[in-house]
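First to last, the protein sequences are chains D and B.
If you count by my numbering, then the first sequence holds residues 1 to 262, one letter each, in order.
If you count by my numbering, then the second sequence holds residues 263 to 602, one letter each, in order.
Just so you know, even glycine gets a beta-carbon here, dropped at the ideal spot from N, CA and C.
Just so you know, these numbers come straight off a predicted model, no measurement behind them.
Let me begin by presenting the structure, written as structure tokens, before commenting on it.
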Amino acid sequence: MKIVVCVKQVPATTDAKIDPETKRIIREGTKAVLNPFDLYALEEAIRIRELVGGEVIALSMGPESAKNVLTEALSMGADRAFLLCGREFAGSDTWATSYALAKAIEIVGGVDLILCGKQAIDGDTAQVGPGIAAKLNIMQAANVMQVDEIENGTLTVRRMNERGYDVVRLQTPALITVVKDINVPRIPTLRRAREARRIEIPIWTYKDIGADPDKIGLAASPTRVVRTEPPAIRNTDTLTISGAPAEAAKLLVGEMLARGLL
Amino acid sequence: MKVNEYEKKEYRNIWTISEILGGEVLPVSFELLGIARELAAKRACEVWTVVLGSGLGGAAESLISYGADRVILVEDPRLGAFNDELECHILERLTAKYRPEIMLGAATNRGRALIPRLAGKIGAGLTADCTALAIDPETGELLQTRPAFGGNIMATIRSVEYRPQMATVRPKVMRAPVPDLNRTGEIIREETVPEDAAGIKEILRVVERKESSVNLSEAKIIVAGGRAMGGPAGFQLLEDFAKRIGGAVGASRAAVDNGWIGYPHQVGQTGATVQADVYIACGISGQIQHLIGMQSCKTIIAIDVDDTTPMMKLADIAVKGDLFEIIPSVINELDERVRA
Ligand SMILES: Cc1cc2nc3c(=O)[nH]c(=O)nc-3n(C[C@H](O)[C@H](O)[C@H](O)COP(=O)(O)OP(=O)(O)OC[C@H]3O[C@@H](n4cnc5c(N)ncnc54)[C@H](O)[C@@H]3O)c2cc1C
Ligand SMILES: Cc1cc2nc3c(=O)[nH]c(=O)nc-3n(C[C@H](O)[C@H](O)[C@H](O)COP(=O)(O)OP(=O)(O)OC[C@H]3O[C@@H](n4cnc5c(N)ncnc54)[C@H](O)[C@@H]3O)c2cc1C
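Structure, rendered in structure tokens:
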């Protein structure tokens, strides 16, 4: 099976600060890591390869520094990795990101299965996975918690819903996004980590993947972030109760009754 | 689709995508109608809703009573369970036929899979998990506000040159309107066509799980515990307290990650969003990811040893003290009042 795992480089903490002057997100000085949810996608891809044979290819779109997260993917056990990079891609929203990743997947060629994380911890939209499936016009299942069976060009998986889960069968090529219940990602061995650092990661520009320059980057993105600000915190007059527990309890219950809360 | 100023005028009305699960209209569908009505009043346009399902009974009438002017009903036995590809094909056809200016979906598991697929297909902008929506009455432009970076920032997003403007809205963020049984509306029946079924997945089974049935989103009173509960025994105390006042038990992620209580109890950005009348936070410091899930509760009560935490500051009533002393005293006090 030829499997592509899409991995994103994200800030290590989501403790985003906003510049009070420019109102933009301050990204400088924050460490970048592999999106935590993508570890589960990588682990699942590697397990599938171990089961049925084939190849795992890690794919990312991002700045040159995103090579680091691809090296991490290689050290977990991915066979090859590619980075989509170039200023033409900058500012892509989920629609343009999905388009670029789908183009790259077509260039890889003959891909049977694509895995994505449930969502990225910075953008948080969970839209890129289904977006890629739409562009490639292939079947999809989001929030997959277990892969049950792989055979004869089909993939049977359990995907979460609000009341439990559905068991669905997809024809390959297909795309799934995975939740963290699906597995426990392995820790790379030192030997593999050393090997991974020596694997070259080709950089693909929009030309290499045959992308239409009018469909990538900020200018081609249907959505535009026009403002960012810290979240509003509810504003209240707080009544503080303190003192001995029995006294405090009496005051609290009295107050709750007075306000019609009980 | 990317449109010019002239083409924009062909896109009219606000659509919501209603959601049915196990034969019932999910409450979030009514919440979507609530916000759609507010926007439609400003834009002077109609509210339409699309329902895809099988054996839909009185769904259309109830959606009309909650504010839909027109209901597009598509019934097909294959729509009984969620099938991404099939539903996407149908919605692609309907959008091309009727051209809504705005389309709102629910940020549920289904909506977060279906709506981005649809946006990808029709080339529209989609804003995820909106918590506020505003409209320009003249241009119909939608200003969409959503949390990102784990709730640490709020972003406002526009999709000026594309129609329809699409957004998903988290359940329990908007308020459902009061239904008006005298409201009238039109029901438009649309059929599936053979091409809709091209390349669709097979759904083998739908399995309900007992433990996921804790329904925090419908509870009127929630007693929630955090790291301070210290273990499952602490949650037993909360369980007793909750039972005493007719409430449900919620938890912070710190408590859930420690395995003291199941994930269905988690409140916050990566758990449930709740809108209870009373939320009693016991030993929860009030980090933004938790606040996002509960700050629209009507009355918030906090119990903490430290009165400088964000939760104690935003609470309506803040009780300073050790919860292992306060809670038993409160239960005791309630018992005494009943006796008196
Ligand atoms: C504050 C803010 C708000 C935003 N809101 C929106 C919005 O509402 N709508 C919108 O269309 N765009 C939005 N964007 C833009 C969006 O964040 C970017 O397009 C981003 O590149 C992808 O979206 P995401 O981070 O939400 O990824 P998700 O869709 O959450 O990612 C899901 C999975 O897709 C894969 N993936 C995602 N990005 C990449 C990548 N670059 N390389 C490889 N794999 C990847 C990974 O497997 C990942 O786990 C926003 C950006 C900001 C800064
Ligand atoms: C991407 C992301 C998503 C997240 N999603 C969620 C989410 O959905 N929900 C969520 O809850 N968190 C979420 N978190 C985690 C969140 O940031 C906090 O870590 C978490 O909410 C803290 O839980 P807490 O308040 O119980 O613990 P703490 O912050 O440790 O607070 C414990 C409080 O108990 C008080 N206390 C201690 N002992 C006692 C006592 N005996 N009596 C009274 N008070 C006492 C302390 O003073 C303190 O205020 C998320 C984080 C990230 C990064």
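Along the stretch 575-592 of chain B, going in chain order, the ones with a CB nearer than 7 angstroms to a CB of chain D are K575, L576, A577, D578, I579, A580, V581, K582, G583, E587, I588, S591 and V592.
Boundaries of the alpha helix (DSSP H) around M573(B): P572 to L576. Runs of the alpha helix (DSSP H) lying entirely within the stretch 23-70 of chain D, each at least 4 residues long, are 36-52 in chain order. Judged by the Cβ position, I523(B) fails to qualify as a neighbour of ligand 2 at the 7 angstroms threshold, every heavy atom of the ligand being at least this far. Within 7 angstroms of the CB of E162(D), the CB atoms of chain B belong to L283, T370 and N371, in sequence order along the chain. Taking I26(D) as reference, the option from Q531(B), L585(B), I415(B) and C307(B) with the minimal CA-CA separation is I415(B). Proximity of the stretch 344-358 of chain B to the stretch 391-402 of chain B falls short of the contact definition, fewer than three beta-carbon pairs being nearer than 8 angstroms.
In this structure, the CA atom of L84(D) is about 31 angstroms from the CA atom of R169(D). Taking the Cα positions, L294(B) is about 44 angstroms away from R80(D).
Taking 7 angstroms as the cut-off, one finds no heavy atom of ligand 1 near enough to the beta carbon of D212(D).
Here E43(D) is buried, its C-beta having at least 16 other C-beta atoms within 10 Å.
Under the DSSP assignment, N371(B) falls outside any beta strand (DSSP E), being part of the alpha helix (DSSP H) whose first and last residues are N371 to I384. Among the residues facing chain B, N152(D) is not included, as its CB has no counterpart in that chain under 8 angstroms away.
Residue environment: D148(D) is assigned as exposed (fewer than 16 neighbouring CB atoms within 10 Å of its CB, all protein chains considered).
Here the alpha carbons of I114(D) and D578(B) stand approximately 48 angstroms from one another.
Membership of E480(B) in any beta strand (DSSP E) is not indicated, and neither H nor E is assigned to it by DSSP. T13(D) counts as exposed, since fewer than 16 other beta carbons sit within 10 angstroms of its beta carbon.
Inclusion of R361(B) and Y268(B) in the CB contact set at 8 angstroms is not warranted, their separation being larger than that value.
With the rule of 3 Cβ pairs closer than 8 angstroms, the stretch 129-140 of chain D counts as touching the stretch 378-395 of chain B. The C-alpha of V128(D) is placed about 16 angstroms away from the C-alpha of L218(D). Against N183(D), chain B offers no close residue; the least beta-carbon distance is about 17 angstroms (beta-carbon pairs closer than 7 angstroms).
Not flagged as an interface residue toward chain D: G317(B), since no C-beta distance is shorter than 8 angstroms. Among the residues facing chain D, F292(B) is not included, as its CB has no counterpart in that chain under 8 angstroms away. Counting of Cβ neighbours within 10 angstroms places K304(B) among the exposed residues, the total staying below 16. Only residues of its own chain outside the window of five on either side were considered, and among them E43 have a CB closer than 8 angstroms to the CB of V184(D), listed in chain order. Only K383, G385, A386, G387, L388, T389, A390 and D391 from the stretch 383-394 of chain B bring a Cβ to less than 8 angstroms from some Cβ of chain D. Counting C-beta atoms within 10 angstroms of its own C-beta, I46(D) has 16 or more neighbours from the protein chains shown and is therefore classed as buried.
Counting along the chain, the unbroken alpha helix (DSSP H) around D519(B) starts and ends at R515 to D519. For Q119(D), there is no enclosing beta strand (DSSP E), since its DSSP letter is neither H nor E. Taking 8 angstroms as the CB threshold, G496(B) stays off the interface with chain D. Placement of the Cβ of V529(B) at a distance of less than 7 angstroms from at least one heavy atom of ligand 2 is found. Neighbours of Y424(B) in chain D, taken as residues at a C-beta separation under 7 angstroms, are given in chain order as P222.
Looking only at G317(B), F586(B) and R332(B), the smallest Cα-Cα distance to P339(B) is reached by G317(B).
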